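Read left to right, the sequence shown gives residues 74 to 930 (our numbering). Have a look at the structure below before the remarks.
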Amino acid sequence: MCFRNSGRRLLLFAALFITSHPYLCASELLVVSEENFDLVSPSGKEVDVIYGDLVLRNRQVIVVIAQPTAGRNANMTTRGVSGMIIDYTRRNAPSDQLSCFYPAAGRYVFEEAQKLVCLVDGQQVDLSGASQFAGKRIEIAVTGTAVSKDGTVCQITYSLDDSWDYLGYQVQIQNLGGEARQVTKEDLLRCDGTLFRTGQVNNGQAFYAEDEYFGQAYAVMPDSGSVRRVGTGRNIGLQYADDAKQQPLSPEQKTTWSGKLLCSHGLPGILSQVEALATGQKTFPFQLKLQDPNGPIVDARVELSLNGKSQGVLHSRSDGVLRSELLPGEYVAIVRSFGREDREHSVPMKQQAFAESLSFPVASRVIGSITDTNKEPIAAKIQFIGQSGTSDPDFGPDSAVSAIKNLVYCARGKFEQPIASGKYRVLVSHGPEYDVSDQIIDVLPGQAHQLNVVLTRTVDTSGWISSEFHSHSSPSGDNVSHQTGRVLNLLAEHLEFAPCTEHNRIDTYEDDLELLGATGTLATCSGMELTGSPLPINHQNAFPLQRHEHHQDGGGPTTDADPVKQIERLALWDNSAAKVVQTNHPNIPQILGDRDLDGKPDDGFRAMLGWMDVVEIHPIEKIFTPPSADVSPEAKNENRVFFWMQLLNLGYRIPGVVNTDAHYNFHGSGWLRNYMACSTDNPNEISVEEMIHAAEHGHMVMTTGPFLQAELVTVHQQKINSYICGQDVPIPPGTLARLNVRVQCPNWFDVNRVQVFANGRPVESLNFTRQSHPQLFSDRTVRFQHSIELPTLDLDTHLIVATIGENLTLGTVMGPQFGKLPPVAITNPFFVDVDGHGFQANGDHLGVPFMLEGQAE
Numbered sequence: 074m075c076f077r078n079s080g081r082r083l084l085l086f087a088a089l090f091i092t093s094h095p096y097l098c099a100s101e102l103l104v105v106s107e108e109n110f111d112l113v114s115p116s117g118k119e120v121d122v123i124y125g126d127l128v129l130r131n132r133q134v135i136v137v138i139a140q141p142t143a144g145r146n147a148n149m150t151t152r153g154v155s156g157m158i159i160d161y162t163r164r165n166a167p168s169d170q171l172s173c174f175y176p177a178a179g180r181y182v183f184e185e186a187q188k189l190v191c192l193v194d195g196q197q198v199d200l201s202g203a204s205q206f207a208g209k210r211i212e213i214a215v216t217g218t219a220v221s222k223d224g225t226v227c228q229i230t231y232s233l234d235d236s237w238d239y240l241g242y243q244v245q246i247q248n249l250g251g252e253a254r255q256v257t258k259e260d261l262l263r264c265d266g267t268l269f270r271t272g273q274v275n276n277g278q279a280f281y282a283e284d285e286y287f288g289q290a291y292a293v294m295p296d297s298g299s300v301r302r303v304g305t306g307r308n309i310g311l312q313y314a315d316d317a318k319q320q321p322l323s324p325e326q327k328t329t330w331s332g333k334l335l336c337s338h339g340l341p342g343i344l345s346q347v348e349a350l351a352t353g354q355k356t357f358p359f360q361l362k363l364q365d366p367n368g369p370i371v372d373a374r375v376e377l378s379l380n381g382k383s384q385g386v387l388h389s390r391s392d393g394v395l396r397s398e399l400l401p402g403e404y405v406a407i408v409r410s411f412g413r414e415d416r417e418h419s420v421p422m423k424q425q426a427f428a429e430s431l432s433f434p435v436a437s438r439v440i441g442s443i444t445d446t447n448k449e450p451i452a453a454k455i456q457f458i459g460q461s462g463t464s465d466p467d468f469g470p471d472s473a474v475s476a477i478k479n480l481v482y483c484a485r486g487k488f489e490q491p492i493a494s495g496k497y498r499v500l501v502s503h504g505p506e507y508d509v510s511d512q513i514i515d516v517l518p519g520q521a522h523q524l525n526v527v528l529t530r531t532v533d534t535s536g537w538i539s540s541e542f543h544s545h546s547s548p549s550g551d552n553v554s555h556q557t558g559r560v561l562n563l564l565a566e567h568l569e570f571a572p573c574t575e576h577n578r579i580d581t582y583e584d585d586l587e588l589l590g591a592t593g594t595l596a597t598c599s600g601m602e603l604t605g606s607p608l609p610i611n612h613q614n615a616f617p618l619q620r621h622e623h624h625q626d627g628g629g630p631t632t633d634a635d636p637v638k639q640i641e642r643l644a645l646w647d648n649s650a651a652k653v654v655q656t657n658h659p660n661i662p663q664i665l666g667d668r669d670l671d672g673k674p675d676d677g678f679r680a681m682l683g684w685m686d687v688v689e690i691h692p693i694e695k696i697f698t699p700p701s702a703d704v705s706p707e708a709k710n711e712n713r714v715f716f717w718m719q720l721l722n723l724g725y726r727i728p729g730v731v732n733t734d735a736h737y738n739f740h741g742s743g744w745l746r747n748y749m750a751c752s753t754d755n756p757n758e759i760s761v762e763e764m765i766h767a768a769e770h771g772h773m774v775m776t777t778g779p780f781l782q783a784e785l786v787t788v789h790q791q792k793i794n795s796y797i798c799g800q801d802v803p804i805p806p807g808t809l810a811r812l813n814v815r816v817q818c819p820n821w822f823d824v825n826r827v828q829v830f831a832n833g834r835p836v837e838s839l840n841f842t843r844q845s846h847p848q849l850f851s852d853r854t855v856r857f858q859h860s861i862e863l864p865t866l867d868l869d870t871h872l873i874v875a876t877i878g879e880n881l882t883l884g885t886v887m888g889p890q891f892g893k894l895p896p897v898a899i900t901n902p903f904f905v906d907v908d909g910h911g912f913q914a915n916g917d918h919l920g921v922p923f924m925l926e927g928q929a930e
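This is the structure we're talking about:
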């Protein structure tokens, strides 16, 4: 199954609509609404259209103009898009990858809907009376005021003719102020991610940005002069060389520039479009279908050359077809696909459409079947490592869905992956509750290697489920990873509960789970990360939240420069409905009492603590290495677990959590997780309400992989009680108390130390290592098991149990970055009450002074 260019909806109905629509050969203007959304919105990984936006389309292209209203943002980082182009793609193979095109370079705001003017064949139409118009030519004009309030105004006019395969635009700036102003003719093109490569065409005739892998390229072509890039960063500034960089604009004077915004399936089409528009020539449809005896060849990389010069690369899609629009000429296509020899093919483009099918021999490939011991198919991560001179494969970028660098992710235990012939070490895994399959295979040229793997669930986690509270993908706006790939990561790593937490947008994983056929294997709910500033403290996650589909921010709250106001707003959202509010990657002392990080105690942002249900405290291995007393204010963020224990000692009972904060899909998920107490081990039966309760009460164990169980058992007056982490434990005088500790690991990592912490300090007598207590450790799944008798506690004490593999790592299964982490797990605290008056914190600063005014060192 290929997911590369899939949108988040099934578009069959829309495709039928397009082929039968009476306006097919006209230009159309549509106002997006709940009634027509699925019929008019484009498809692609970066689609940001919502209700109220405007769609311009003809038979060749589709464009989304963000509604001119205040607060219209495409995502967290693509902001102020009112009146801008936010989605743009070809209709015959849509794959929107555009973040935004800002005529006038974002220097004006277009937030007055009443100034929107729409012309159909020269006649103004009223959008309040109808939502759909058609004609030969449609123009939309938006008017905005200067961000700098310098007295200038800007009008942008977009034009689409029924015969064009591009969007025309014109920018007019007028000085309505009383004195001259300096004006720069400049636009901005926003195309995110390292997959985009950029450059000039014909020394500035046009400027392009191309995402080869996801099959979309854009270009800006000025109607006069040349274009050049200015500045660096993701906002690509484009200036035009027919004028000076700045020109004076006297009162009432106007200045104008115009151009064309092009799109194609790749650079070859862009180069032909630019040449055709410059010379008056005509492009023609180009289509090449690649197939072998088993069906379409997906993800072939086809480089086109003309007169010995490369024109760029096109990729075949799930149907084996690659498309473009090319000028006539004698092209040469070099076809490269996994598991086959390269092939050169002539492409004689005449003054007509070109369509041809090419047949290839079958590829060398691996066909996989991954099941559990009950013969049920399961999701898996399959890693191919070249051996004996064979190189590691590179199937796709870290933003892809299922074939990513040397990994293949599958949702239901089946995959077929073309691969170069050779010898490979193959690791098949399904998270830390399963043993890994590690084997060497030989893939022969043109042959299929059948990989049948049974993964054994050796770690028994009955009564607990694994969770991830913090993940991202492309809708977040700070990365370009396919969201389906994020969900596939979670499935393959055997996460059982994971809310959707994109930046500043309430979103859902439900569509992706349905697409993957995995709705019963991952419990989820809608949520968000409300991401403000200052960093790192003003980022908070919350779930569940009510999602308002296709509304701004999914109907979520907006950020606030005051972290206290922001977290309060989030906590009270949805009429104060029950939810988990999590503070992400905080500098805890800054919140507690060092607002400006000058190392001098102040009020901090302490009121935030009253709204937190849980707080991220990774890296948890730092519990074994406390900081020095003179640690700098900024460096305090590097040991959150230590300063979390300080909070506990001050009486703030905020449970700790760990999360990956994953943004990319190469080993993105799974290397951190929370085990949560749960009444069911079946993800399909997990209750979000129960997850809220477990999180808020600290019934969670944090881990990079090891499954740590700790039960505190008391015997008092012949009555036996047992407690899990997060609970209050009464231990009156005369009570016997034991910590029953068990640590389980699969066959791919190990632990060698178990340590009990009392009020944040390691208890020397409750430190167990493989060297000091070899009889308590084993090489079996249960690496450690012991009933630890607690010493007499004179004061109320919070107890934390931790385990680690010192000088050990998670290893290759977790990839080149996260595989370097140690196997480590820690519980949330047990709160021991020795006098019957309720748990009282002891106020110990653990050797590093609290950030509290008046606090003695």
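Virtual Cβ for every residue (Gly too), placed ideally from N, Cα, C. Bear in mind the structure is a predicted one, so any value in this text is a computation, not a measurement.
Here DSSP, grouped into helix, strand and coil, assigns Gln782 to strand. In terms of CA proximity to Asn732, Gln655 leads the group Asp703, Val855 and Gln655. The C-beta distance from Gly393 to Gln360 rounds to 11 angstroms, too long to meet the 8 angstroms contact threshold.
With fewer than three CB-CB distances shorter than 8 angstroms, the region 518 to 528 does not count as touching the region 707 to 723. Within the same chain, Cβ atoms closer than 7 angstroms to the Cβ of Leu868 are found at Val907 and Asn915, the five residues on either side in sequence being excluded. For Gly156, no alpha helix (DSSP H) run applies, since DSSP gives it neither H nor E. Boundaries of the alpha helix (DSSP H) harbouring Ala767: Val761 to Glu769, taken from the DSSP string. Selection Asp703, Leu102, Val509 and Ala644 evaluated against Gly778 yields Val509 as nearest (Cα-Cα). Pairing Gln243 with Ser299 gives a Cβ-Cβ distance that is not under 8 angstroms. Restricting attention to alpha helix (DSSP H) runs no shorter than 4 residues, the region 871 to 925 encloses them at 888 to 891, ordered along the chain.
Taking Asn525 as the centre and dropping the five residues before and after it, the same chain places the C-beta of Ser442 closer than 6 angstroms to its C-beta, in chain order.
For Gln613, there is no enclosing alpha helix (DSSP H); the enclosing beta strand (DSSP E) covers residues His612 to Phe616. Per DSSP, Ala279 is one residue of the beta strand (DSSP E) stretching across Ala279 to Asp284. Taken through DSSP and simplified to helix, strand or coil, Asp675 comes out as coil. Just so you know, the alpha carbons of Ala768 and Cys751 end up roughly 11 angstroms apart. When secondary structure is reduced to three states using DSSP, Thr557 falls in the helix class. Residue nearest to Ser204 within the set Val104, Lys652 and Gln187 is Val104 (criterion: CA-CA distance).
Between Thr531 and the set Thr328, His555 and Val816, the nearest pair of CA atoms involves Val816. Judged by beta-carbon spacing, Ile309 lies within the 8 angstroms limit of Thr271, meaning their Cβ atoms are closer than that value. With a threshold of 16 other beta carbon atoms within 10 Å, Gly807 falls short and is exposed. Look at Gln619 here: in three-state DSSP terms it is coil, with no helix or strand label. For Leu589, the enclosing alpha helix (DSSP H) has its first and last residue at Glu583 to Leu589. Shown here, Val120 sits in coil according to DSSP, grouped into three states, outside any helix or strand.
Membership of Trp537 in the beta strand (DSSP E) is indicated by the continuous run Trp537 to Ser540.
Counting only residues of its own chain and dropping the five nearest sequence neighbours on each side, Val824 has a CB closer than 7 angstroms to the CB of Pro779, Val816, Cys818, Arg856, Phe857, Thr876, Ile877, Gly878 and Pro896.
Judged by their CB atoms, Pro548 and Arg578 are nearer to each other than the 8 angstroms cut-off. Note that the C-beta distance between Pro450 and Lys487 is below 8 angstroms.
If you look at Lys638, you'll find it in the alpha helix (DSSP H) that goes Pro636 to Ala644. Going by DSSP, Thr444 is part of the beta strand (DSSP E) stretching over Arg438 to Asp445.
The C-alpha of Thr150 is placed about 33 angstroms away from the C-alpha of Arg210. Secondary structure of Trp717 (DSSP, three-state): helix. Sequence-distant partners of Arg254 (beyond 5 residues in either direction) whose C-beta falls short of 6 angstroms from its own C-beta, in its chain, are Asp223, Thr225, Asn248 and Leu322. For Leu528, the enclosing beta strand (DSSP E) covers residues Ala521 to Leu528. Contact holds between the region 554 to 567 and the region 584 to 603, because three or more Cβ pairs, one in each stretch, are under 8 angstroms apart. For a cut-off of 8 angstroms, the C-beta gap from Leu883 to Phe891 is around 7 angstroms, short enough to register as a contact. In the three-state reduction of the DSSP assignment, Asn648 falls in the helix class.
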